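Number of protein chains: 4
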Amino acid sequence: MIKVAICGGSGYTGAELLRILSGHPEVEVTLITSEKSAGKKVTALFPHLHKYCNFIYESLDKEKILQKADVFFMALPHGASQEAVDYFFKNGKKIIDLSADYRLSDPVVYEEWYKTPHNYADTLKQAVYGLPEFHREKIKNANLIANPGCYPTSAILGLYPAIKEGMVDIENIVIDSKSGTSGAGRKTNIDFSYCEVNEGFKAYGIAVHRHTPEIEQELSKIAGKKIKINFTPHLVPMDRGIISTMYAKMLKKLETAEIISVYKKYYDAEPFVNVLDEGVFPNTKNVRGSNFVDIGLKINNRTNTLIVVSAIDNLVKGASGQAVQNMNIMIGFKETIALQSQALFP
Amino acid sequence: MIKVAICGGSGYTGAELLRILSGHPEVEVTLITSEKSAGKKVTALFPHLHKYCNFIYESLDKEKILQKADVFFMALPHGASQEAVDYFFKNGKKIIDLSADYRLSDPVVYEEWYKTPHNYADTLKQAVYGLPEFHREKIKNANLIANPGCYPTSAILGLYPAIKEGMVDIENIVIDSKSGTSGAGRKTNIDFSYCEVNEGFKAYGIAVHRHTPEIEQELSKIAGKKIKINFTPHLVPMDRGIISTMYAKMLKKLETAEIISVYKKYYDAEPFVNVLDEGVFPNTKNVRGSNFVDIGLKINNRTNTLIVVSAIDNLVKGASGQAVQNMNIMIGFKETIALQSQALFP
Amino acid sequence: MIKVAICGGSGYTGAELLRILSGHPEVEVTLITSEKSAGKKVTALFPHLHKYCNFIYESLDKEKILQKADVFFMALPHGASQEAVDYFFKNGKKIIDLSADYRLSDPVVYEEWYKTPHNYADTLKQAVYGLPEFHREKIKNANLIANPGCYPTSAILGLYPAIKEGMVDIENIVIDSKSGTSGAGRKTNIDFSYCEVNEGFKAYGIAVHRHTPEIEQELSKIAGKKIKINFTPHLVPMDRGIISTMYAKMLKKLETAEIISVYKKYYDAEPFVNVLDEGVFPNTKNVRGSNFVDIGLKINNRTNTLIVVSAIDNLVKGASGQAVQNMNIMIGFKETIALQSQALFP
Amino acid sequence: MIKVAICGGSGYTGAELLRILSGHPEVEVTLITSEKSAGKKVTALFPHLHKYCNFIYESLDKEKILQKADVFFMALPHGASQEAVDYFFKNGKKIIDLSADYRLSDPVVYEEWYKTPHNYADTLKQAVYGLPEFHREKIKNANLIANPGCYPTSAILGLYPAIKEGMVDIENIVIDSKSGTSGAGRKTNIDFSYCEVNEGFKAYGIAVHRHTPEIEQELSKIAGKKIKINFTPHLVPMDRGIISTMYAKMLKKLETAEIISVYKKYYDAEPFVNVLDEGVFPNTKNVRGSNFVDIGLKINNRTNTLIVVSAIDNLVKGASGQAVQNMNIMIGFKETIALQSQALFP
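Chains as they are written, first to last, in the working numbering: chain A, 30 to 375; chain F, 30 to 375; chain V, 30 to 375; chain R, 30 to 375.
Below, the structure written as C-alpha cells:
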C-alpha cells in the first residue's frame with residue numbers, strides 16, 4: 030500500500046481526489062491538510078465523503094507530515110504551492126502538483142502571467158508536464174508532476190494530432206472553451222453565487238486567461254515552433270464539464286473521415302481518449318464524473334477549416350483524475366486503476 | 030462469474046444497472062433487451078457507456094435468452110413485466126423486477142391502482158419486497174424480488190423506526206416528497222422537456238400517485254395495522270435525487286436527540302443508511318450517484334410533531350443500486366460490492 | 030408624479046423594485062441607498078437595469094434624504110430597518126417596509142424569533158400587515174405597511190378561505206414550502222454558491238424558521254383563535270418561485286369541486302389570485318416575474334384531508350411586487366399599475 | 030387600435046408574442062392559430078398567459094381570417110410559411126414572418142439549405158430583412174418583413190461596425206455561438222428532454238447550420254463582397270439567451286478603447302443596443318426577457334485579433350421582440366412601445 034497525502038484538501042479538487050482514491054485498492058490516504066479548515070472533520074465540509082468520516086483536516090506542517098506519506102498531491106492555490114512542492118521534492122518524495130506553479134517551464138513566462146516570481150527554478154526544471162497522452166515516458170521516471178490545467182487538457186488533446194501531423198495553419202488557431210462552474214473552485218464570491226450563475230452564460234478572461242501560456246507552451250512543443258493562440262473561456266450554468274471548440278485552417282484539403290482516421294491512429298491505444306465517429310460530437314454529460322476525453326471532428330469544406338470539439342470533466346481528467354492517472358504511471362501501477370468508472374448519466 | 034441479463038435496458042434504470050455492474054467483479058452482463066431499440070448499439074443511446082460499446086440491444090425473446098443468464102433484471106414498464114417475470118421465475122431463474130408489478134401483494138389493490146389485472150397471483154405470492162433494511166432475511170432465500178419504488182424507499186426507511194417503536198400517531202402521517210426529473214424515465218413527453226421543467230417546481234399526482242399503496246402496505250406491516258397516508262410528490266428541476274419530508278404527531282414527548290439515538294440503533298449496522306447528527310439535514314446532492322440514504326430528524330416541540338427528512342438517489346438506492354444490492358444478497362455476495370462509491374459532488 | 034426612495038437597494042428585492050417601478054407611469058424614483066455600495070453605479074451591480082444607468086447608490090443619511098421622497102420603500106436587513114422606518118414615519122412619510130421588523134404585532138414574539146428587542150412599540154402599533162387580499166381596507170388608510178414575507182404570502186393566501194369558513198381542523202396544519210434561491214438574498218455565502226445549490230434539494234430551518242410566527246399570527250386572526258403550525262422550508266435549485274403544499278384535516282366531507290368553488294368566491298374579485306380548475310395545479314414557472322398567485326386544491330377522500338398548493342414569485346408577489354401593490358393602494362392609484370405583465374415563460 | 034393575428038401560436042415564439050403584445054396599448058390581438066392545438070384554450074398550453082384566458086386556438090383558414098387583422102405575425106414552421114405569407118401579402122396585409130422562408134433573397138440558396146424549393150420568388154423579392162439597426166429605412170416602407178433568426182441577430186449586430194469600417198480580415202471569421210434551449214422550440218424530442226440537456230453542454234450542426242447562409246448574406250451586404258464564415262452553435266443548459274463569441278483578424282493595429290468608440294458611434298442612437306465599456310462583457314442573464322443587445326469588445330494584442338461578444342434573449346430580440354419592433358416601425362408607432370421592460374434578473 031502506497032501512503033498518500035493531500036495538501037490543500039478543502040476545495041473541490043481535494044474532495045474529488047478523496048472520492049477517486051476511495052476506490053483505489055493500492056493506496057491509503059494518510060492525511061489531508063487545509064489551513065482554513067484545520068481541526069474540522071472532512072465530512073463537515075463534504076458530507077458525501079462518508080468513507081472519510083474519521084478524517085480531520087490538519088495544518089500543513091511540512092516537517093511533521095514529511096514521513097507520513099510517499100506521494101503528495103498538492104492542491105494548494107497558485108503561488109502558495111511553490112515552496113511546499115520544493116520541500117517535499119528535495120526530501121525525496123513523489124509529488125503531483127495540481128496548482129499551476131510548475132507547469133510553465135520558463136520562470137519569466139510564469140511571472141508575466143501569475144504576477145509573482147518563481148523562486149525554485151532548479152526544481153522547476155525537474156517538473157514534468159503531466160499529460161500522459163503526450164509525455165507518458167517522462168512521467169514514468171519523474172518525481173515531480175505538474176498536473177495540467179483543465180482547459181489546457183481539453184485543448185492540447187484536441188489539437189495534438191492535427192498539429193503534430195502538420196495539417197493545420199498554426200497562425201490563426203481559435204480555442205473557444207466553455208466550463209462548468211466547479212472550475213472556479215469552492216469560492217464565496219458573489220460572481221459564483223447560484224442566482225448570478227444560473228440561467229446565464231458569459232465569457233470571461235478574454236485574451237488574458239492564465240491557461241493561455243500553458244496551452245501555447247505545449248502546442249509549441251508539438252509544432253516545433255512558437256504558437257500563439259486566441260483563447261476565450263466561458264462560464265456554463267452547470268457543475269462540471271468543459272467543451273473546447275477549436276478552429277484551425279487546413280493546409281491541404283481533407284475529408285472529415287480522413288482526419289478522424291488520423292486521430293484514431295494517435296489515440297486508439299489510449300485508455301481514456303475516445304475519437305468519435307463522423308457526425309457524432311461530444312457532450313460534457315457523457316464524461317461527467319469520469320476520466321474520459323471525447324473528441325469530435327469536422328472539416329468545414331466551405332471554408333477549409335478543421336473544427337475540433339473535445340469534452341472532459343474538469344474535476345476528473347481536468348484535475349484529480351488525471352492526477353491519479355499520473356500517480357499510477359509514476360508508481361508503476363496499472364494506469365487505469367480507480368479511473369474506470371463510467372460517467373454518471375443523467 | 031454470475032451471468033446477468035437486463036430486460037428493458039433502454040431507460041435510465043437500465044443504463045444505471047450497466048454503469049453499476051461495470052464495477053462488479055463477480056458479474057458478467059450477457060445481454061440487454063429493448064423492443065424499441067433492438068438492433069441499436071447501447072452506446073447509440075448512451076454514449077457514456079464506453080465499456081459496453083460492443084453491446085447491441087436485442088428483442089426480449091424469452092425462450093431464446095432463457096439460458097443466457099442466471100439472474101434477470103427486469104426493467105420493463107409496469108404491466109409489461111408481469112408475464113416475463115412469471116416465465117423466468119417458473120424456469121428457475123433468479124429475478125429482480127424493477128417494475129411495480131410484483132410489489133403489491135394484494136392483486137386487488139394492484140388492479141385498483143394500476144388499472145390492469147394481475148394475472149400471476151401464484152408467482153406474486155413468491156415475490157419478496159426488496160427493501161434489505163426491512164426484509165433482508167427473506168431476500169436471502171428469495172428467487173423473485175420486487176424492487177421497491179423510489180419514493181417508497183425514501184419514505185419507508187424514513188418512518189420505519191418511529192412506527193416500529195410505536196412512537197407516532199399513525200393516523201395523520203404526511204409524506205411530502207420531491208424528486209429529480211429522471212424519476213419520470215427517459216420520456217419524449219412535452220411535460221418533461223427542458224424548457225418546461227427547468228426553473229419550475231410543481232406538485233403532481235396529488236392523492237392519486239401509484240406509490241401510495243406501496244408505502245401504505247409496508248408501513249402497515251411495520252405498524253401491524255392498516256395505515257393510510259397523505260402522499261404528495263413534486264418535480265424538482267434537477268436530474269437525480271429524492272427528498273421526502275415526513276410529518277407525524279408524537280405519542281409522547283421526546284427530544285430530538287432521543288429520537289436520533291433510536292434511529293441510530295436501528296440503522297447503525299446498515300451499510301447504506303446514515304442517520305445524521307442533530308441539526309444536520311440531508312441534501313440530495315450528498316447522495317447523488319451513490320447507494321446511500323441520509324436521514325435527518327427533528328422534533329418540533331411547539332407542535333409535538335416528528336419531522337423526518339430522508340434523501341436518496343432515485344436511480345441508485347431508489348432503483349438500480351438497490352437492485353444490485355438485492356442481487357448481492359440473493360446470490361450470497363458481500364452486500365456492498367459495486368455499491369461503495371462515494372457520491373459525485375458537486 | 031409621486032417621488033419614491035428605495036433604502037437598501039443593493040439586494041435582489043431592491044433591484045426588483047427598480048425593475049417594476051420602471052414601468053410605473055405615476056412614479057419617479059429619486060434615490061437609492063446602499064451602505065456597502067455607496068458611490069457605485071446601480072448598473073455596476075445590476076447591469077440589466079439600463080434605465081437606471083445614471084443612478085448612484087448613496088448612504089442612508091436620513092435627514093438629508095427626508096425631503097427627497099414621498100414614499101419610502103425600506104429593503105434593509107431585519108433589525109436595521111426599525112429605526113429608519115420609525116424616523117420616516119414620524120416625519121409624515123408613507124413607508125413600505127420589506128423587512129420583517131414591523132410584521133409581528135407583538136414585540137415579545139418579535140424578540141423571541143429575531144433575537145433583538147423591538148424599540149419602537151408605538152410605531153409598531155401603527156403598522157398594517159400588507160396583504161391586500163386580507164387587509165385591503167386598512168392598507169388604504171395606512172402610512173406604514175409591513176410588507177409580508179414570501180413564505181407567509183404563499184401560505185396565508187392558500188389557507189385563508191378554508192380557515193375562514195371553518196372547514197378544517199386547525200390543530201394539525203402542515204405547511205411544506207419550497208423556494209428558489211433568490212429568497213436567500215444576494216449573499217456571498219458558500220451555502221448559496223452555484224455548485225452547492227445546483228442539482229441539490231434540501232430542507233432547512235426545520236421548525237425554527239422566522240416566518241413561522243408571521244404565518245401563525247395571520248392564520249390566528251383568520252381563525253379567531255391561536256393556531257400553531259408545522260412549517261418546513263426547502264431550497265430548490267432555481268432562481269425564483271415558491272410552492273407551498275399545505276395539509277389540513279377536513280372537518281366535514283366535501284368534494285374537491287366544492288372547495289374550489291368556495292375558494293373562487295373568495296378570490297374572484299382579486300386581480301392577482303387565480304384559483305385553478307379541478308385537476309390543475311400550479312407551477313412556479315407560470316408565475317415567474319409576475320405578481321400572480323396560483324392556487325390548486327384537492328381533497329384526498331381516502332384520508333379526508335385538504336391539500337392546497339399555492340405558487341408565487343418570491344421576489345414579486347412575495348416581496349417587491351406586493352410592495353408596489355401596497356403603494357398603489359395607499360396612494361390611491363389603480364391597484365394593478367405596473368404589475369400586469371404576464372409571467373416570463375419559459 | 031391595430032388588429033393583429035398570430036399564425037402558428039402554439040410554440041414559444043407565439044407565446045412570447047402574446048406576452049409582449051399584452052403590454053402594447055395600440056394593438057389588439059384578434060386571433061391565434063394552431064393546427065395541432067385548434068380548439069384548445071391558449072391557457073391550456075400556456076397557463077401563464079392569464080390575460081388570454083378567453084382565447085381559443087383556431088385553424089389557419091386563410092380566407093376566413095383575412096379580414097380579421099391588419100398585421101399578421103407568422104410563426105409557422107419553415108417551409109409551411111411560404112404560401113400563407115404569400116396569400117396575406119397579395120391581399121394587402123402587413124406581415125412579419127418569423128420563419129426563415131423569406132430571409133434568404135436568393136431562392137437557390139434557400140433550396141440548398143432548406144431542402145425545399147421556394148415557390149414565391151416574386152413575393153420573396155418584396156421581403157425586407159427585418160434587422161432595424163441595419164435596414165430601418167426599408168422596414169418603414171415594407172409590407173413584408175422577414176424577421177431575422179436568433180443567431181444571425183446576435184452575429185450580424187456584433188460584426189456590423191467592424192466589417193462596415195473595413196477593419197477586419199473577412200476571410201477567417203469565426204462565429205462561435207451558444208444558445209439556451211428554447212431556441213429549439215417547444216419540442217417533444219428526447220434530445221431536448223430535461224435529463225438529456227441539463228448539466229450538459231454540446232456543439233451541434235457544426236458547419237451545416239441553416240443560419241449560416243443568413244449570416245453570410247447580411248455580412249456580405251455590409252462588406253460589399255462575398256463572405257464565408259465558420260459558424261458553430263452550441264446548446265446551453267438554460268432556457269433563454271444567446272452569446273456569440275466572434276473572432277476576426279484586425280487589418281491594422283488598434284486598441285480596445287478605439288474599437289469600442291467606433292462601435293459606440295454606430296450604436297449610440299439605437300434604443301436596444303448597448304456597447305459595453307472596456308473590460309465589461311455581456312451575460313445572457315442581463316438581457317433575459319428584454320429586447321436589448323449587449324456587446325463587449327476586446328482586441329487581443331498578442332494575436333492582433335478582434336473578439337466580439339454579443340448577448341441577446343433569443344425569444345425577444347432574437348424573435349418575438351424584434352418582430353414587435355419591426356411592427357412598430359412598419360406601422361409608424363414609436364419603435365420602443367411594449368419593448369422597454371428591463372431584463373428579469375435573477
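Note that CB positions come from ideal geometry on N, CA and C, so glycine has one too.
The structure presented is a predicted model; accordingly, all values stated were derived computationally and were not measured.
- For Lys216/R, a Cβ of chain F is located within less than 8 Å of the residue's own Cβ.
- For Ala372/A, the nearest beta carbon of chain F is closer than 8 Å to its own beta carbon.
- When 7 Å is used as the limit between beta carbons, Phe221/F is near these residues of chain R: Ser222 and Tyr223, in chain order.
- Using a CB distance below 7 Å, the part of the stretch 199-213 of chain F facing chain V consists of Asn201, Val203, Asp205 and Lys207, ordered along the chain.
- Distance from the Cα of Ser66/V is smallest, within the candidate group Leu188/V, Tyr86/V and Ser134/V, for Tyr86/V.
- When Cβ-Cβ separations below 8 Å define contact, Asn172/A makes no contact with chain F.
- Within the stretch 252-269 of chain F, the residues whose Cβ lies closer than 8 Å to some Cβ of chain V are Lys257, Ile258, Asn259, Thr261, His263, Val265, Pro266, Met267, Asp268 and Arg269, listed in chain order.
- Spanning the alpha carbons of Lys97/V and Gly38/V requires a straight line of approximately 16 Å.
- Look at Ser349/A here: in three-state DSSP terms it is helix.
- At least one beta carbon of chain V lies nearer than 8 Å to the beta carbon of Gly229/F.
- A buried status is given to Cys224/R, since no fewer than 16 other beta-carbon atoms sit within 10 Å of its beta-carbon.
- Within the stretch 217-294 of chain V, the runs of alpha helix (DSSP H) at least 4 residues long that lie entirely inside it are, in chain order, 223-226 and 240-252.
- In the DSSP assignment, Lys327/A falls outside any alpha helix (DSSP H) and lies within the beta strand (DSSP E) extending over Val322 to Asn329.
- In chain order, Ala104, Leu127, Leu344, Ala348 and Ser349 place their CB closer than 7 Å to the CB of Thr42/F, counting only its own chain and leaving out the 5 sequence neighbours on each side.
- Straight-line spacing of the CA atoms in Ser183/F and Ile199/V works out to 28 Å.
- Interface with chain V (8 Å Cβ-Cβ cutoff): Pro181/F is excluded.
- In this structure the stretch 359-373 of chain R does not touch the stretch 187-198 of chain R; the number of beta carbon pairs closer than 8 Å is below three.
- Taking the beta carbon of Val226/F as reference, the chain R residues within 7 Å of it are Tyr223, listed in sequence order.
- Note on the stretch 130-215 of chain A: whole beta strand (DSSP E) runs with a minimum of 3 residues are 173-175 and 203-208, in chain order.
- Taking a beta-carbon distance threshold of 8 Å, Thr313/F counts as an interface residue toward chain V.
- Residue nearest to Thr62/F within the set Gly40/F, Ile256/F and Met196/F is Gly40/F (criterion: CA-CA distance).
- Straight across, the Cα-Cα distance linking Ser339/F with Phe374/F is about 18 Å.
- By the neighbour-count criterion, in which a residue is buried when 16 or more other Cβ atoms sit within 10 angstroms of its Cβ, Asn259/R is buried.
- The secondary-structure analysis by DSSP pairs Leu60/A across a beta bridge with Ala34/A.
- The closest CA to that of Ala150/F, considering only Val137/F, Glu162/F and Tyr143/F, is found on Val137/F.
- If you look at Thr42/V, you'll find it in the alpha helix (DSSP H) that goes Tyr41 to Leu50.
- The three-state secondary structure of Thr334/R, taken from DSSP, is strand.
- Interface flag for Lys327/R against chain A is set, since a Cβ pair is found closer than 8 Å.
- Assignment of Glu87/F by DSSP, reduced to helix, strand and coil, places it in the strand class.
- Residue-level contact check: Ser51/F touches chain A, since one or more beta carbons of chain A fall below 8 Å from its beta carbon.
- Val309/R sits in coil when the DSSP states are folded into three classes, being neither helix nor strand.
- By the C-beta criterion, the stretch 112-131 of chain A is judged to be in contact with the stretch 169-180 of chain A, since at least 3 inter-stretch pairs fall below 8 Å.
- For Lys80/R, the residues of chain V that pass the 9 Å Cβ criterion are Gln369 and Gln371, in the order they occur in the chain.
- Interface criterion met: the Cβ of Ala44/V is under 8 Å from a Cβ in chain R.
- With fewer than three CB-CB distances shorter than 8 Å, the stretch 206-224 of chain R does not count as touching the stretch 147-166 of chain R.
- Listed by position along chain R, the residues whose Cβ is nearer than 9 Å to that of Arg317/A are Glu228 and Gly229.
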